[in-house]
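**Student:** First to last, the sequence lines map onto chains A and V.
Residues in the first sequence are numbered from 326 upward in steps of one, following the working numbering.
Residues in the second sequence are numbered from 326 upward in steps of one, following the working numbering.
Idealized CB from N, CA, C, for every residue including glycine.
Sharing a structure below in structure tokens format, with a few things to ask.
Number of protein chains: 2
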Amino acid sequence: MGRRSDTRERIQHVALELFVEHGYENTSLREIAERLDVTKAALYYHFRTKEDIVHSLIADLVTALDELLDWGRQRPSTVETRQELLRRFSALVADRFEPVMHFIQQNIPAVKKLGVMHPLGEKLRELFALLCADVDDPEAALRTRLALVALVLGLNPIFGGAQATPPPDVALDVALELVAPRG
Amino acid sequence: MGRRSDTRERIQHVALELFVEHGYENTSLREIAERLDVTKAALYYHFRTKEDIVHSLIADLVTALDELLDWGRQRPSTVETRQELLRRFSALVADRFEPVMHFIQQNIPAVKKLGVMHPLGEKLRELFALLCADVDDPEAALRTRLALVALVLGLNPIFGGAQATPPPDVALDVALELVAPRG
DNA sequence: GTCTATACTTAGATAGAC
DNA sequence: GTCTATCTAAGTATAGAC
Chain A
326 MGRRSDTRER IQHVALELFV EHGYENTSLR EIAERLDVTK AALYYHFRTK EDIVHSLIAD
386 LVTALDELLD WGRQRPSTVE TRQELLRRFS ALVADRFEPV MHFIQQNIPA VKKLGVMHPL
446 GEKLRELFAL LCADVDDPEA ALRTRLALVA LVLGLNPIFG GAQATPPPDV ALDVALELVA
506 PRG
Chain V
326 MGRRSDTRER IQHVALELFV EHGYENTSLR EIAERLDVTK AALYYHFRTK EDIVHSLIAD
386 LVTALDELLD WGRQRPSTVE TRQELLRRFS ALVADRFEPV MHFIQQNIPA VKKLGVMHPL
446 GEKLRELFAL LCADVDDPEA ALRTRLALVA LVLGLNPIFG GAQATPPPDV ALDVALELVA
506 PRG
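Pasting the structure below:
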């Protein structure tokens with residue numbers, strides 16, 4: 326039998342790479358095709374549109390978040406649960422979704438235009454809600470948001486990005502502290 | 326004499342508005358011109374290129390940051406100084422530069438491509454350095470970055486943006502706490 | 001499953017009249 | 001200082017051969 330091709334996965338990988346590097350709108354299908362040494366038309370065989378590539382990328386993330394949320398929902402709302410949620414989210418980002426998160430964070434206009442925020446934003450808001458639990462304090466809510474931001478901040482070039490990206494475990498420690506009750 | 330026109334300022338204002346709304350690359354000069362009810366060519370009278378509009382927008386921010394840094398440099402490196410730096414930065418953002426910060430944060434690829442990160446990134450890194458002072462702890466450094474992020478987080482739609490933007494004073498309180506020594 | 005060739009659209013930018 | 005008209009380059013996408 327003919328060797329099965331992993332072209333589709335390679336397109337996803339290279340496209341994401343370029344989207345992160347140059348931004349979504351500054352990346353043309355021609356560039357993607359060239360880096361893969363295929364033609365533009367080949368891309369259109371695997372994906373209906375350029376937007377579809379992004380959708381396929383986000384879909385995996387949404388699935389993973391859904392599983393995380395499923396776990397979180399059927400656990401008692403305790404500090405331990407919330408901290409374990411952060412740990413698992415941190416691991417998810419570090420292990421599999423760092424590039425996608427990077428892409429999303431730095432291409433908000435594109436992401437909004439593609440209507441990707443609907444499924445994704447929902448999941449993120451629910452994660453946020455689980456982490457906030459019953460707390461109604463606006464300061465605590467902001468600290469919770471910052472805890473999540475801390476876990477993906479290594480990806481942000483603003484405010485001293487390049488020189489010192491915090492290691493994931495440092496970020497996790499700070500995040501855990503942010504959702505812990507005050508002293 | 327003929328009535329002097331404020332067209333240049335109006336272009337800056339409308340352009341920034343559209344850049345924030347739809348993103349830099351999704352905003353065409355045609356759109357800007359239409360919203361101002363002038364023609365594309367009129368824009369080219371006031372700005373050499375589309376990129377120049379962005380440069381003019383960032384320049385004001387860089388100037389303001391420079392003044393803030395001047396103040397900070399000639400003060401003793403104390404907790405009070407650092408907290409006052411945060412207060413002044415917070416006021417700067419809230420009063421004048423919220424839209425520009427919003428634009429920068431959500432259009433990183435464009436901003437990088439325009440080479441705007443050189444003057445701007447320098448200032449932000451120096452602000453960060455002043456806030457970090459002599460502290461060498463990576464956790465403290467991350468908390469400092471988060472303090473800055475907190476002050477512009479209202480602009481970020483990720484992680485529960487739309488429904489509850491923290492009021493500036495809440496953000497400032499959390500930021501101040503993040504740079505204060507631990508208990 | 002991959003290619004060639006091309007249609008279609010829109011972008012940024014310029015020249016020159018008024 | 002603003003207009004009309006136009007140029008050039010690039011993008012996404014399609015049709016149809018191999």
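Please compile the residues from chain V whose C-beta is within a distance smaller than 7 angstroms of the C-beta of A/GLN430.
**Tutor:** Here the neighbours are ILE483.
**Student:** In chain order, what residues of the same chain lie with their CB nearer than 7 angstroms to the CB of A/LEU382, ignoring the 5 residues before and after it?
**Tutor:** Only GLN337, LEU341 and VAL425 meet the Cβ criterion.
**Student:** Taking contact to mean 3 or more Cβ pairs, one atom from each stretch, closer than 8 angstroms, check whether the segment 364-373 of chain A and the segment 446-456 of chain A are in contact.
**Tutor:** They do not touch, by the three-pair rule.
**Student:** Let's see if you can read the secondary structure: which residues bound the alpha helix (DSSP H) around V/SER415?
**Tutor:** Start and end: 404-417.
**Student:** Indicate whether at least one CB of chain A lies closer than 9 angstroms to the CB of V/LYS375.
**Tutor:** Judged by the 9 angstroms Cβ criterion, V/LYS375 is not in contact with chain A.
**Student:** On the premise that V/ARG413 lies in contact with V/LEU393, defined as a C-beta separation below 8 angstroms, what is that separation, rounded to the nearest angstrom?
**Tutor:** 6 angstroms between Cβ atoms; contact.
**Student:** Is the beta carbon of V/HIS347 less than 9 angstroms from the beta carbon of A/LYS375?
**Tutor:** Going by C-beta atoms, V/HIS347 is not nearer than 9 angstroms to A/LYS375.
**Student:** Thinking C-alpha only, which one of V/LEU478, V/LEU501, V/LEU361 and V/ALA435 is nearest A/PHE344?
**Tutor:** Closest by alpha carbon: V/ALA435.
**Student:** Measuring only between beta-carbons, confirm whether V/VAL379 sits less than 9 angstroms from chain A.
**Tutor:** It does not; no Cβ of chain A falls within 9 angstroms.
**Student:** Rounded to the nearest angstrom, how far is the Cβ of V/SER415 from that of V/LEU476, given a contact under 8 angstroms?
**Tutor:** About 5 angstroms; that satisfies the 8 angstroms criterion.
**Student:** Are the C-beta atoms of A/ARG412 and some chain V residue less than 9 angstroms apart?
**Tutor:** So, not an interface residue.
**Student:** Between the beta-carbon of A/ILE463 and the beta-carbon of V/PRO492, is there less than 9 angstroms?
**Tutor:** The displayed chain sequence assigns Pro, not Ile, to residue 463 of chain A. Yes. Within cutoff.
**Student:** For A/VAL495, would you say it is in contact with chain V, using Cβ-to-Cβ distances shorter than 9 angstroms as the test?
**Tutor:** Closer than 9 angstroms: yes.
**Student:** Have a look at A/VAL324 and A/ASP362 and give me their C-alpha separation to the nearest angstrom.
**Tutor:** Lying outside 326 to 508, the shown extent of chain A, residue 324 of chain A is not represented and no answer is given.
**Student:** With a 10 Å radius around its C-beta and 16 neighbouring C-beta atoms as the bar for buried, classify A/ALA472 as buried or exposed.
**Tutor:** So A/ALA472 ends up on the buried side.
**Student:** Say whether chain V places a C-beta atom closer than 9 angstroms to the C-beta of A/ARG400.
**Tutor:** Not closer than 9 angstroms to any Cβ of chain V, the Cβ of A/ARG400 fails to qualify, so no.
**Student:** Please work out which residues of its chain come closer than 8 angstroms, Cβ to Cβ, to A/PRO506, disregarding the five sequence neighbours upstream and downstream, and give them in chain order.
**Tutor:** For A/PRO506, where only same-chain residues beyond five positions count, the Cβ hits under 8 angstroms are VAL404.
**Student:** Under a Cβ-count criterion, where at least 16 other Cβ atoms within 10 Å of its own Cβ denotes burial, should A/ARG421 be classed as buried or exposed?
**Tutor:** It is exposed - the Cβ of A/ARG421 has fewer than 16 other Cβ atoms within 10 Å.
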